[in-house]
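To start, the structure under review is shown below, and the notes come after it.
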Amino acid sequence: MPLLVDRGADTRIAKTALGCVEIGLVNNMPDAALEATERQFVALLEGACGETRVRLRFFSLPGIARGERGQRYVDKHYRGLHALPACGLDALIVTGTEPRAASLRNEPYWHSLGELVDWAEHNTASTIWSCLAAHAAVLHLDGIARQPLGEKCFGVFDCAVVADHPLTAGQARLAVPHSRWNGLREDDLRARGYGVLTRSPQAGVDTFVRPGRSLFVFLQGHPEYDALSLLGEYRRDFGRFLRRERDVCPALPHGYFDDGATARLAELRRRALVDRREGLLAELPLVALEQSLRAHWRASAARLYASWLAEALARKGRRAGATALEAAAARPTAFIERRRRNDGSGRFTGMRDRRVSAGS
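For the sequence shown, the residue numbers in this note's numbering are -17 to 342.
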């Protein structure tokens, strides 16, 4: 199987994985979504890698609030950021997490995330920054602040490809799930040299890139989501409203449910607005909804990630070639210097220069 999932326990995987594209997933999602997010990325990479051999390893960012069970899972299956330099990674995928502070700079993980951004820029061929991680990365890199939205950007949006780039080659449009209360302005991104690849009239900027030593790819959406992800988020937000943990009753996700389900849920939402009680949560027709949902966006998501893997592999090859050329160029000089030191006759290198600087 081209995708090898390495949890650090099976040494046979480490031996088999020689020559793979080495990917690290820094999974910062909260406990309730931690394992689901892991499964989603594994499934997406399996669908994207084709004949490309990929090894995936998991990492955790310090400062993410976790319960006892979640912390045990991370301690068992994930490596800390201190392990990154020794792992020989070619690329990273970094997820967001649910914000707790009004400003990203006040999040407890802010310093560690900034160090991760800087490390990735100098040590990976490419890195994907997902949703809130994208917002935090552009804030750290270029001071671009995200802006609060009037209402949650929530649902599946038709995003048009608006620039030629290897990542979107062969695709004209992508269906992409989004789930966020904040967004980045396209003018702010373009003013600082970012290239917008896909956008939607309703969701705004979807995918954008920042070229440099590492190709940084930013996704405001969640192409990795499975069919039930938005349903789970809608149920969570609806429950928070009914329990009076939030003042706003969530709107139905855009472009997600079929007409019949949309009508049923709209009626339940109207009832909740006039009769706000937690018991209404039990009336969500979960079984019927789950049976009707399909992740129709996963085909275009797999193509996007396949293009990303190909680009990371090409950049890895170019970096290896450049390193080899640099080493080859340095080798004669180093050899001559060794001969110069050991050849008193001067027959090989000519007479040694006996001049010294004034500060010697």
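Every residue gets a Cβ at the ideal spot worked out from N, C-alpha and C, and that includes glycine. Fair warning: this is a prediction, and the values are worked out from it, not measured in the lab.
Problem - Contact belief for valine 191 with tryptophan 279 at Cβ below 8 Å, rounded distance in angstroms - result: Their Cβ separation, rounded to whole angstroms, is 20 Å, which puts valine 191 and tryptophan 279 out of contact at 8 Å.
Handout entry: Within 7 Å, strictly: CB atoms of glutamate 28 and leucine -15
Key = yes
Problem - Check whether serine 289 and leucine 74 have beta carbons under 7 Å apart - result: no
Handout entry: Cβ contact (3+ pairs, closer than 8 Å) linking the segment 115 to 128 and the segment 62 to 70
Key = no
Practice task
Give the range of the beta strand (DSSP E) segment to which glycine 177 is assigned.
Solution key: 177 to 182
Practice task
Return the CA-CA distance between alanine 270 and glutamine 202, expressed in angstroms with no decimal places.
Solution key: 29 Å
Problem - Same chain, Cβ closer than 6 Å to glutamate 4, five either side skipped, listed in chain order - result: Arg37, Gly70, Leu71, Asp72
Handout entry: Coil, strand or helix - asparagine 164 by DSSP
Key = strand
Handout entry: threonine 180 to threonine 106 span [Cα, whole Å]
Key = 23 Å
Practice task
Could you pull the start and end residues of the alpha helix (DSSP H) that arginine 51 belongs to?
Solution key: 50 to 59
Exercise for the section: Measure the C-alpha to C-alpha separation of phenylalanine 136 and valine -13 and round it to an integer number of angstroms. Expected result: 31 Å
Exercise for the section: Compare the beta carbon distance of serine 85 and proline 44 with 7 Å and say whether it is the shorter of the two. Expected result: no
Exercise for the section: Let me know if glutamine 273 comes out buried or exposed under the rule of 16 or more other beta-carbons within 10 Å of its beta-carbon. Expected result: exposed
Practice task
In the DSSP assignment, find the beta strand (DSSP E) that holds glutamate 352 and state where it starts and stops.
Solution key: Coverage of the chain is limited to positions -17 through 342, which leaves residue 352 absent and any answer about it impossible.
Handout entry: Local conformation of cysteine 69 per DSSP, three classes
Key = helix
Exercise for the section: For alanine 343, name the three-state secondary structure that DSSP assigns. Expected result: Within the shown structure, residues of the chain are numbered from -17 to 342, placing residue 343 beyond reach of any answer.
Handout entry: Alpha-carbon to alpha-carbon, alanine 18 and methionine 11
Key = 9 Å
Practice task
From the DSSP output, in three-state form, read off glutamate 89 for me.
Solution key: coil
Practice task
Identify the continuous alpha helix (DSSP H) that holds valine -13 and give its terminal residues.
Solution key: Looking at the DSSP string, valine -13 is not in any alpha helix (DSSP H); the run it does join, the beta strand (DSSP E), is -15 to -12.
Practice task
Ignoring anything shorter than 4 residues or poking outside the segment 233 to 289, list the alpha helix (DSSP H) runs there in chain order.
Solution key: 241 to 256, 268 to 274
Practice task
May I ask which residues mark the beginning and end of the beta strand (DSSP E) holding aspartate 13?
Solution key: Aspartate 13 -> not in any beta strand (DSSP E); alpha helix (DSSP H) instead, spanning 13 to 31.
Handout entry: C-beta atoms of aspartate 124 and arginine 174 nearer than 7 Å
Key = yes
Practice task
Compute the distance between the beta-carbons of leucine 26 and tyrosine 287, then report whether it is under 7 Å.
Solution key: yes
Handout entry: Residues that phenylalanine 40 bridges to, as DSSP identifies them
Key = Leu7
Practice task
Please state if the CB of glycine 221 and the CB of leucine 171 are separated by a distance shorter than 7 Å.
Solution key: no
Problem - Own chain partners of glycine 214 with C-beta closer than 6 Å, once the 5 adjacent residues on each side are dropped - result: none
Practice task
Have a look at Ala283, Ala115, Val76 and flag the residue whose alpha-carbon is nearest the alpha-carbon of alanine 30.
Solution key: Ala283
Exercise for the section: State the start and end residues of the unbroken beta strand (DSSP E) segment that holds glutamate 133. Expected result: 129 to 143
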